[in-house]
Amino acid sequence: MSKLLKISIFFLSYIYDKKVYYLSYLGIIGLFGATYFLYDIPIVAYWDALLFSSVLLFFITVRAVFKIYKKHQLLAGFKQNWPNDLSLFPETSDLVQKDYFELIKIQQTHYLDLLNQQEQLNNQLLDYYGNWSHQIKTPMSVLELMSLDEDIPREIMKQELFKINQYLEMMLQYIRLNHSGTDFVFEEIAIKKLVSAVVKKYSTFFIYQNLSLELGDLDSKIITDERCLGFIIEQVLSNSLKYTKKGKIKLYLNPSNQHQLVIEDTGIGILPEDIPRVFEKGFTGFNGRIYTKATGLGLYMSKIMAEKLGYKMRLVSKVGEGTKVTIDCSQNVYELD
Numbered sequence: 001m002s003k004l005l006k007i008s009i010f011f012l013s014y015i016y017d018k019k020v021y022y023l024s025y026l027g028i029i030g031l032f033g034a035t036y037f038l039y040d041i042p043i044v045a046y047w048d049a050l051l052f053s054s055v056l057l058f059f060i061t062v063r064a065v066f067k068i069y070k071k072h073q074l075l076a077g078f079k080q081n082w083p084n085d086l087s088l089f090p091e092t093s094d095l096v097q098k099d100y101f102e103l104i105k106i107q108q109t110h111y112l113d114l115l116n117q118q119e120q121l122n123n124q125l126l127d128y129y130g131n132w133s134h135q136i137k138t139p140m141s142v143l144e145l146m147s148l149d150e151d152i153p154r155e156i157m158k159q160e161l162f163k164i165n166q167y168l169e170m171m172l173q174y175i176r177l178n179h180s181g182t183d184f185v186f187e188e189i190a191i192k193k194l195v196s197a198v199v200k201k202y203s204t205f206f207i208y209q210n211l212s213l214e215l216g217d218l219d220s221k222i223i224t225d226e227r228c229l230g231f232i233i234e235q236v237l238s239n240s241l242k243y244t245k246k247g248k249i250k251l252y253l254n255p256s257n258q259h260q261l262v263i264e265d266t267g268i269g270i271l272p273e274d275i276p277r278v279f280e281k282g283f284t285g286f287n288g289r290i291y292t293k294a295t296g297l298g299l300y301m302s303k304i305m306a307e308k309l310g311y312k313m314r315l316v317s318k319v320g321e322g323t324k325v326t327i328d329c330s331q332n333v334y335e336l337d
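Encoded structure:
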């Protein structure tokens, strides 16, 4: 299609788009003609006015069409290659077009923010996957060595298999945690039953590490997402087992608040300067680096999960004496309909 034909079609489209104005012009000309005729005014003056106004309207229209056609070509090009810089868009004096342009700017800003957030989430996932793949190699390597020695106790193999399963569960929970459409399934659960199930999963570690377990008063019920709260308890208990070489681990409800679960150990404790940062992503602290290989993700994920449930987590610790973590579910007491 030739350029002249394109302009001609655009010209006709412009006339049709502005038909209200042109029809109004014809109506006014008709009214003036009728007035001249009714009052018997010489028609020559009318024809002069009609000629001058028509010529003026024609040139105004041509100028407007060429000006708008340039903008049309520029915008048509943007359909193929959307610009990141909105200043490249043609300026406009039309108030409604300005409003549309402002809406486009807001929408693009929102879109770019979403892209940045998604990129950050992807980078975090890749970073976590790197740590996760490194961590899961350890129990897999141990199992591979164990397969060559039939004298190794089966309990040790079970521990390594459990670690692999735990790492897989952490990966699934991490993906779920970062998914904006995460849905919780709330139901009434018995805290004692949930804690018993978690402790049973870790029973092998208690036996192997020769640690005592003390279950206090846990006779209370709460409306929560069982899987998420169970994950939080698991991560805290896993940390206690990891850093407790002798003594015991206690789980009980706060006597003054039956919606506060306390997990207390007699482990190595945490340095005072590390306590404010224990829930930060990737933070392992001095003891985490010295005594064990840690990813620093368990407590971070627990804290984020707790916040999503509307709960709070508090930690107090003293080096050489142990650590006490409180999972406060009383901040958001749910009710079932």
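Read in order, the letters of the sequence shown are residues 1 to 337 in the UniProt record's numbering.
Each residue gets a CB set at the ideal place from its N, CA and C atoms; glycine is no exception.
>> Need the endpoints of the alpha helix (DSSP H) that Ser24 sits in, please.
In response: Lys19 to Leu38
> Using DSSP with H/G/I as helix, E/B as strand and the rest coil, what is Phe184?
Replying inline: coil
> Nearest-angstrom Cα distance between Leu237 and Ile152?
Replying inline: 26 Å
> In terms of alpha-carbon separation, which member of Ser24, Gly269, Leu241 and Val262 lies closest to Tyr208?
Replying inline: Leu241
> Looking only at its own chain, which residues have a Cβ that is under 8 Å from the Cβ of Lys98, when we skip the five neighbours before and after it?
Replying inline: Thr92
> Between Leu309, Leu297, Asn254 and Lys324, which lies nearest to Asp127 when the distance is taken from Cα to Cα?
Replying inline: Leu297
> How close, in whole Å, do the beta carbons of Ser330 and His259 come, if the pair is a contact with beta carbons under 8 Å?
Replying inline: 4 Å
> Residue ranges of each beta strand (DSSP E) run of no fewer than 3 residues wholly in the segment 205 to 288, ordered along the chain?
Replying inline: 212 to 215, 221 to 225, 248 to 254 and 257 to 265
> Does the pairing of the segment 303 to 316 with the segment 221 to 232 give three or more beta-carbon distances under 8 Å?
Replying inline: yes
> DSSP three-state call for Val55: helix, strand or coil?
Replying inline: helix
>> Could you compute how far the alpha carbon of Lys303 sits from the alpha carbon of Tyr111?
In response: 29 Å
>> Judging by CA-CA distance, which residue of Leu251, Leu299 and Glu321 is the nearest neighbour of Pro272?
In response: Glu321
> Under a Cβ-count criterion, where at least 16 other Cβ atoms within 10 Å of its own Cβ denotes burial, should Glu102 be classed as buried or exposed?
Replying inline: exposed
> Any idea what DSSP makes of Gly298, helix, strand or coil?
Replying inline: helix
> Can you tell me the Cα-Cα spacing of Gly247 and Val319, whole angstroms?
Replying inline: 14 Å
> Would you call the segment 198 to 208 and the segment 156 to 163 touching, i.e. three or more CB-CB distances under 8 Å?
Replying inline: yes
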